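Going by my numbering, the sequence shown opens with residue 59, and the numbers climb by one from there. For reference, the structure is listed below as structure tokens.
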Amino acid sequence: MIHPEEARRMIRQKQWNRPTAGMSNGYTQANLVILPKELAFEFLLFCQRNPKSCPVLDVTEPGSPVPQLAAPSADLRSDLPSYRVYRNGILTEEVQDIHSYWTKDMTGFLIGCSFSFEQALMQNKIPVRHIEENCNVPMYKTSINCVKAGRFEGPMVVSMRPIPEKDVVRAVQVTSRFPSVHGAPVHIGDPRSIGIESIDTPDFGDAVTINEGEVPVFWACGVTPQAVVMNVKPELVITHSPGHMFITDWTDEEFGVL
């Protein structure tokens, strides 16, 4: 297991440029959204109104790239494997470092990530297919609308993990203990019921194998802000690339509830 500080050092030095699922198991991972200060309150209100999709773990001071609560030795400009830059709602660049994009009024939001409960699933002998297949988790836009806040509105994005039928109830119980990283599933079963027409063609991430006797289970996903950004079209927003998360100093159990 790689300690978070070592993991972030590897990422900063470009020694790790792939998804972070399974990296630093047992430590909380987070989605990232970076906005100009003028949009920060509206986005914080959006997160408050949509806690399943956007559970806020930490917010930086305007102009500071340091998440003081989550990892005071880290730098959000370099400590994620890959970033996405959106201009007026359009993805224009995907880069490994955002120092050149950073301005003195940037505010960073760290949002809980479902990668953080995967260790608990595996400890309960529940398979996590994208880790088994060494790929990114599949993510889908849905027909479930988020609650609007100011200029921010749009569809919920979900991540999917195939779960053996006999383990579905246990998977719900296990993930319910982690409300700060999306908690219990939002849907189990037929993907068409939440507007997903093809389970084999995710909007983000990679398709994974669904074996006979397995059920697709869907959790709210921190990529939701990217879908919202595409709707709102602010002048500049920076996010993590899907699956390429920020690794905090917190352990998953710190966010677990009994």
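Just so you know, even glycine gets a beta-carbon here, dropped at the ideal spot from N, CA and C. None of these values were measured; they are calculated from a predicted model.
### Query
On the three-state DSSP scale, how would you describe N289?
The residue given as residue 289 occupies position 231 in the sequence shown. N289: helix per DSSP, three-state reduction.
#### Entry: With 16 other Cβ atoms within 10 Å as the buried cut-off, status of P130
Your numbering for residue 130 matches position 72 in the sequence shown. With a threshold of 16 other beta carbon atoms within 10 Å, P130 falls short and is exposed.
### Query
Grouping DSSP H, G and I as helix and E and B as strand, with all else coil, what is Q181?
Your numbering for residue 181 matches position 123 in the sequence shown. Q181 carries a helical assignment under DSSP once its states are collapsed to helix, strand and coil.
### Task
Taking I169 as the reference, give the member of P300, A88 and N83 with the closest Cα.
As a first step, residue 169 is located in the sequence shown; it is residue number 111 there, counting from the start. Measuring from the Cα of I169, the nearest candidate turns out to be A88.
#### Entry: Residue of L103, V266 and S238 minimising C-alpha distance to V275
Sequence index remark: in the sequence shown, residue 275 carries index 217 (1-based). Distance from the Cα of V275 is smallest, within the candidate group L103, V266 and S238, for V266.
### Message
Please give the ranges of any beta strand (DSSP E) in the region 256–302, keeping only runs that are unbroken, at least 3 residues long and fully inside the region.
### Response
Complete beta strand (DSSP E) runs here, min 3: 272–278 and 295–298.
### Query
Cα-Cα, which of R145, N83 and S82 is closest to I92?
Within the sequence shown, residue 92 is the residue found at index 34, counting from 1. It is R145 whose Cα lies nearest to the Cα of I92.
#### Entry: Three-state secondary structure assigned by DSSP to D310
Residue 310 sits at position 252 when you count from the first residue of the sequence shown. DSSP places D310 within a helical segment (H, G or I) once states are collapsed to three.
### Task
Assign L316 to one of three DSSP states: helix, strand, or coil.
Counting from one through the sequence shown, the residue named residue 316 turns up at place 258. Interpretation of L316 is limited by its pLDDT of 46, a score under 50 that renders its predicted location unreliable; the figure taken from the coordinates is listed afterwards. L316 sits in coil when the DSSP states are folded into three classes, being neither helix nor strand.
### Task
Alpha carbon to alpha carbon, how far is G271 from K306? Give it in angstroms, no decimals.
Residue mapping note: residue 306 aligns to position 248 of the sequence shown, counting from 1. Residue mapping note: residue 271 aligns to position 213 of the sequence shown, counting from 1. Correcting the residue type first, residue 306 is Thr in the shown sequence and not Lys. Answer to the nearest angstrom: the Cα atoms are 35 Å apart.
### Task
Any chance you could list the beta strand (DSSP E) runs of at least 3 consecutive residues sitting entirely within the region 126–168, in chain order?
Here the runs fully enclosed are 141–145 and 148–153.
#### Entry: Secondary structure of K199, DSSP reduced to three states
Position 141 of the sequence shown, counted from the first residue, corresponds to residue 199. Shown here, K199 sits in a strand according to DSSP, grouped into three states.
### Task
With distances taken Cα to Cα, identify the nearest neighbour of R135 among V143, I156, A128 and K72.
Along the sequence shown, one-based indexing puts residue 135 at 77. The shortest C-alpha to C-alpha distance from R135 to any of V143, I156, A128 and K72 is the one to I156.
### Task
State yes or no: is the C-beta of S174 within less than 8 Å of the C-beta of T86?
Within the sequence shown, numbered from 1, the residue matching residue 174 stands at position 116. Within the sequence shown, numbered from 1, the residue matching residue 86 stands at position 28. Against a cut-off of 8 Å, the Cβ pair of T86 and S174 comes out as a contact.
### Query
What do you get for T161, buried or exposed, if any count of 16 or more other CB atoms within 10 angstroms of its CB means buried?
Translated into positions along the sequence shown, residue 161 becomes position 103. An exposed status is given to T161, since fewer than 16 other beta-carbon atoms sit within 10 Å of its beta-carbon.
### Message
Using C-beta distances below 7 Å, list every residue in its chain close to N83, excluding the 5 sequence neighbours before and after it, in chain order.
### Response
Along the sequence shown, read from residue 1 onward, the residue named residue 83 stands at position 25. Only M59 and Q177 meet the Cβ criterion.
### Query
Can you give the Cα-Cα distance for I69 and V124, rounded to whole angstroms?
Stepping through the sequence shown from its first residue, residue 69 is reached at position 11. Stepping through the sequence shown from its first residue, residue 124 is reached at position 66. If you take the alpha carbons of I69 and V124, they lie about 16 Å apart.
### Task
Compute the Euclidean distance between the alpha carbons of S299 and R142, then round it to the nearest angstrom.
Sequence index remark: in the sequence shown, residue 299 carries index 241 (1-based). Sequence index remark: in the sequence shown, residue 142 carries index 84 (1-based). Those two C-alpha atoms are separated by around 5 Å.
### Query
Which value, in whole angstroms, describes the spacing of the CA atoms of N269 and I246?
Residue numbering aside, residue 269 sits at position 211 when the sequence shown is read from its first letter. Residue numbering aside, residue 246 sits at position 188 when the sequence shown is read from its first letter. CA-to-CA, the gap between N269 and I246 works out to about 16 Å.
### Query
Should F99 be labelled buried (16 or more other beta-carbon atoms within 10 Å of its own) or exposed?
Against the sequence shown, residue 99 aligns to sequence position 41. Result: exposed.
### Task
Kindly indicate the opening and closing residues of the beta strand (DSSP E) around M214.
On the sequence shown, position 156 is the one that residue 214 refers to. Taken as a continuous stretch (DSSP letters only), the beta strand (DSSP E) holding M214 covers P213 to P222.
### Query
Should T78 be labelled buried (16 or more other beta-carbon atoms within 10 Å of its own) or exposed?
Position 20 of the sequence shown holds residue 78. Under a 10 Å Cβ-count criterion, T78 is classified as buried, with 16 or more other Cβ atoms of the shown protein chains found around its own Cβ.
### Query
Does the beta-carbon distance from G253 to T200 come in below 8 Å?
Here residue 253 is taken as the residue at index 195 of the sequence shown, counted from 1. Here residue 200 is taken as the residue at index 142 of the sequence shown, counted from 1. In contact: G253 and T200 (Cβ atoms closer than 8 Å).
### Query
With respect to the alpha helix (DSSP H) encompassing I189, which residues constitute its N-terminal and C-terminal limits?
Locating residue 189 in the sequence shown gives position 131, where the first residue counts as 1. Segment R187 to E190, the alpha helix (DSSP H) holding I189.
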